[in-house]
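Only one structure is covered here, and it is reproduced in the block below.
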Amino acid sequence: MEKIALFVNGHGVPTHAARQLPDGSWTSKLGFEEDIRHDLRQLEGAAYGTVTLFMARARIAPL
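Using the numbering used here, the first residue of the sequence shown is number 49, and each one after it goes up by one.
Here it is, written out as structure tokens:
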């Protein structure tokens with residue numbers, strides 16, 4: 049499965065999304081910076097809010 053996690057602030061407004069990599073770690077794009085690899089809950093806090101929703105779909109094999 050390919051998964052994403054959505055972060056929302058205290059007002060319920062989406063602030064960020066993270067994507068799970070095949071090895072189980074998570075990756076994010078922070079503004080104009082490079083993609084980072086991180087633990088899912090590592091980004092929770094004032095800047096990005098809290099992980100509130102997960103979405104998943106079948107992983108599609110590259111062409």
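By construction, the Cβ of each residue, glycine as well, lies at the ideal position given by its N, Cα and C atoms.
Do you know whose CA, among the options, lies nearest residue i's CA?
i: L91; options: I108, T75, L111 and A109; result: T75
i: H86; options: L101, G97 and A66; result: A66
So, for residue i: in the same chain, excluding its five sequence neighbours on each side, which residues have a beta-carbon less than 6 angstroms away from its beta-carbon?
i: D83; result: T75 and K77
i: A106; result: none
Output the distance between the C-alpha atoms of residue i and residue j, rounded to the nearest integer angstrom.
i: I52; j: T63; result: 13 angstroms
i: A95; j: H59; result: 13 angstroms
From the DSSP output, read off the bridge partner residues of residue i.
i: G93; result: G97
i: L54; result: A65 and L101
i: I84; result: S76
Here's a check: name, in chain order, each residue in its chain whose Cβ is nearer than 7 angstroms to the Cβ of residue i, leaving out the five neighbours to either side.
i: L88; result: A53, A66, W74 and V99
How many whole angstroms separate the CB atoms of residue i and residue j, which I take to be in contact at a CB cut-off of 8 angstroms?
i: N57; j: G97; result: 4 angstroms
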